[in-house]
Structure formats: structure tokens, C-alpha cells
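J.:
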Amino acid sequence: MIPNTTTRDTTPRTLQNPWTREQAQSWADSWNRHREPLFIEGHPYAHPRISVPNPPPAEIQLDGETLHLARYGTRGAHYSRTPPPAEWIPEP
Numbered sequence: 054m055i056p057n058t059t060t061r062d063t064t065p066r067t068l069q070n071p072w073t074r075e076q077a078q079s080w081a082d083s084w085n086r087h088r089e090p091l092f093i094e095g096h097p098y099a100h101p102r103i104s105v106p107n108p109p110p111a112e113i114q115l116d117g118e119t120l121h122l123a124r125y126g127t128r129g130a131h132y133s134r135t136p137p138p139a140e141w142i143p144e145p
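Each residue of the sequence shown is one higher than the one before, counting from 54 in our numbering.
(1) Return helix, strand or coil for Ala-111, following the three-state DSSP convention.
(2) Given 8 angstroms as the limit, is there contact between the segment 99–109 and the segment 118–136, that is, 3 or more CB pairs closer than that?
(3) What number of angstroms, rounded off, separates the C-alpha of Pro-101 from the C-alpha of Ser-83?
(4) Given a cut-off of 9 angstroms, decide if Tyr-125 and Glu-89 are closer than it, judged by their beta-carbon atoms.
(5) If I measure Cβ to Cβ from Pro-145 and keep anything under 8 angstroms in the same chain, skipping five residues before and after, which residues do I get?
(6) Check for me: the beta strand (DSSP E) holding Glu-118 runs from which residue to which?
(7) Quick check on DSSP: helix, strand or coil for Glu-75?
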């Protein structure tokens, strides 16, 4: 069946249901926030739903466990379940 184009509303969708200023600003802000992919030790790929800000935090909580920043480079933030080693301070 061919739709009747004479009775169809031909107004573009964006004009039928425009965003409010707050919605548009929120969308624009989300594009301006640079996020980095999150890799967890033992997994070859980045976490599909979680990203971290740039620069990444030293620790994050994920599913009730604490992950520690192991390294940060051009391919994203890599986190480990083991805490970083304690810094050795020589005795005077």
C-alpha cells in the first residue's frame, strides 16, 4: 500500500519535537567531555559500557571491587586488581 502523501505531515521530525535548551546543552556537553576507554587486567578488550575521564582516577570502584590504575597511555587507561607496590624509602 502506498501512503497518501497529501495528508502526511511533511514537517521534519526535529521541528515536530524540538529539544529544550537544557537537552541540547546536555547533548553538546557530552560531546565536549573527553572520555578514555577502560581496560581491566586479564581482559583483552576495553570495557564496553564504562569509560573514565581524562586524566583517569588512580582508583575506581567496579562491581564492589577496587581497581587501581596500572598504566595510562595512548590506548586508554589500564586498571589492575592488585594495588601498586609500596614506595621504598631508604633510611638515613
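Each residue gets a CB set at the ideal place from its N, CA and C atoms; glycine is no exception.
T.: Inspection of the coordinates gives the following:
(1) coil
(2) Flag = yes, the segment 99–109 and the segment 118–136 touch.
(3) For Pro-101 and Ser-83, the distance between alpha carbons rounds to 17 angstroms.
(4) yes
(5) none
(6) 118–126
(7) Under the three-state reduction of DSSP, Glu-75 is assigned to helix.
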